[in-house]
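If you're matching them up, the sequences are chains A and B in order. Heads up, the first sequence is in this note's numbering, so the first residue is 65 and it goes up one at a time. Heads up, the second sequence is in this note's numbering, so the first residue is -7 and it goes up one at a time. Comments concern the structure below.
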Amino acid sequence: ILNVEQSPQSLHVQEGDSTNFTCSFPSSNFYALHWYRWETAKSPEALFVMTLNGDEKKKGRISATLNTKEGYSYLYIKGSQPEDSATYLCAFSDYKLSFGAGTTVTVRA
Amino acid sequence: DSGVTQTPKHLITATGQRVTLRCSPRSGDLSVYWYQQSLDQGLQFLIQYYNGEERAKGNILERFSAQQFPDLHSELNLSSLELGDSALYFCASSVDEASSGNTIYFGEGSWLTVV
C-alpha cells in the first residue's frame, strides 16, 4: 500500500491571499506525481503531471513543485479567488494512481 | 469535458441485484481505470486494463468484475449488491499506463445507490 498523504486536510483562505499545501509520497520507485482539482458533483480535473525532480509547473495562478528525493510536492494558489474553492488531490503513479485524501480549500470573499 | 464517458450517471437498485457500469475512454486512450469513492472515503483504486488486458487489481471485491473490450470500452459488473456498495464509481483513461507519466482523465462518474 502506497501512502500518499496530504496536509492540511482543509484550509480557509481570504480572497486575494495566497496559499499552499503539501503532498508527501514514497520516494522510491517514483514514476509521476499528479495533481487534480475536484469540485463536488464533478469529475477530478487534471492540473499537472510531474515526473522529474525539481519540476515546476504552472497553470494560471496555480503552480506546483516536485521533490522526488525527499518525496513531497507543493501546490500553490496565488491571489485566491472564490472559484478556486475545491478539493485538491495529489496522486502517486506506478501502474495506477494512488490518491491522497485531498486538501479542501475554501476561499472566502 | 474530459472525453471519458460513463453511463448510467445515476442508478438505484436493490440489495442482491447486479448492475453494469459502462465506460468509453477518450479517443486513442488504451488504459482504463476504475475507482470507487464511498462516503467519507478517498478514491479507491479497483482495477486497470490496458489494451484489453487486465494490468492491475486494487481493492476490488470478488463480487465485482470488469473487462475491456476490443473497441477499448470497459464495463464494471457489480453483483450481489450490498448497501455498502453505494458509491460514486469513476472511470478514467490514459494513452499509456500510469507509470508513463501521461495525464489520466476522469469521467463524471456513475452514482450507484443500493436500497
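Just so you know, even glycine gets a beta-carbon here, dropped at the ideal spot from N, CA and C.
Note down the Cα distance separating residue i from residue j, rounded to an integer number of angstroms.
i	j	result
residue 41 of chain B	residue 135 of chain A	28 Å
residue 108 of chain B	residue 81 of chain A	Given that chain B is displayed from residue -7 to residue 107, the structure contains no residue 108 of chain B and the question cannot be resolved.
residue 169 of chain A	residue 97 of chain B	22 Å
residue 22 of chain B	residue 64 of chain B	7 Å
residue 141 of chain A	residue 71 of chain B	43 Å
residue 78 of chain B	residue 60 of chain B	23 Å
residue 52 of chain B	residue 83 of chain B	14 Å
residue 148 of chain A	residue 88 of chain B	30 Å
residue 137 of chain A	residue 67 of chain A	14 Å
residue -2 of chain B	residue 66 of chain B	10 Å
residue 107 of chain A	residue 93 of chain A	28 Å
residue 32 of chain B	residue 70 of chain A	15 Å
residue 115 of chain A	residue 2 of chain B	36 Å
residue 146 of chain A	residue 88 of chain A	26 Å
residue 50 of chain B	residue 86 of chain B	18 Å
residue 125 of chain A	residue 172 of chain A	17 Å
residue 155 of chain A	residue 15 of chain B	21 Å
Spatial neighbours of residue i within its chain, please: CB distance less than 7 Å, with the 5 preceding and 5 following residues excluded, ordered by chain position.
i	result
residue 72 of chain A	85 and 167
residue 74 of chain B	7 and 106
residue 0 of chain B	102
residue 4 of chain B	105 and 107
Please confirm whether residue i and residue j have their CB atoms less than 7 Å apart.
i	j	result
residue 8 of chain B	residue 113 of chain A	no
residue 37 of chain B	residue 122 of chain A	no
residue 10 of chain A	residue 150 of chain A	The structure shown has nothing for residue 10 of chain A, since chain A only spans 65 to 173.
residue 43 of chain B	residue 57 of chain B	no
residue 34 of chain B	residue 165 of chain A	yes
residue 99 of chain A	residue 139 of chain A	yes
residue 17 of chain B	residue 24 of chain B	yes
residue 91 of chain B	residue 152 of chain A	no
residue 110 of chain A	residue 95 of chain B	yes
residue 77 of chain A	residue 157 of chain A	no
Go through its chain and collect everything with a Cβ distance to residue i's Cβ below 6 Å, but skip five positions before and after it.
i	result
residue 28 of chain B	36, 38, 79 and 81
Note down, in chain order, each residue of its chain lying with its Cβ closer than 8 Å to the Cβ of residue i, except the 5 sequence neighbours on either side.
i	result
residue 91 of chain A	132, 133, 134 and 135
residue 47 of chain B	23, 40, 41 and 89
Of the residues that make up the stretch 70 to 102 of chain B, which ones have a beta carbon closer than 8 Å to any beta carbon in chain A?
-> Residues of the stretch 70 to 102 of chain B that bring their beta carbon within less than 8 Å of a beta carbon in chain A comprise 82, 84, 89, 90, 91, 92, 93, 94, 95, 96, 97, 98, 99, 100 and 101, in sequence order.
Worksheet item: Can you list, in chain order, the residues of the stretch 10 to 34 of chain B whose Cβ is nearer than 7 Å to any Cβ on chain A?
Response: Those residues of the stretch 10 to 34 of chain B that come within reach of chain A (Cβ to Cβ, closer than 7 Å) are 25 and 34.
Original post:
Taking a cut of 8 Å between CB atoms, which residues from the stretch 49 to 60 of chain B lie near chain A?
Top reply: For the stretch 49 to 60 of chain B, the set of residues with a beta-carbon nearer than 8 Å to any beta-carbon of chain A comprises 50, in chain order.
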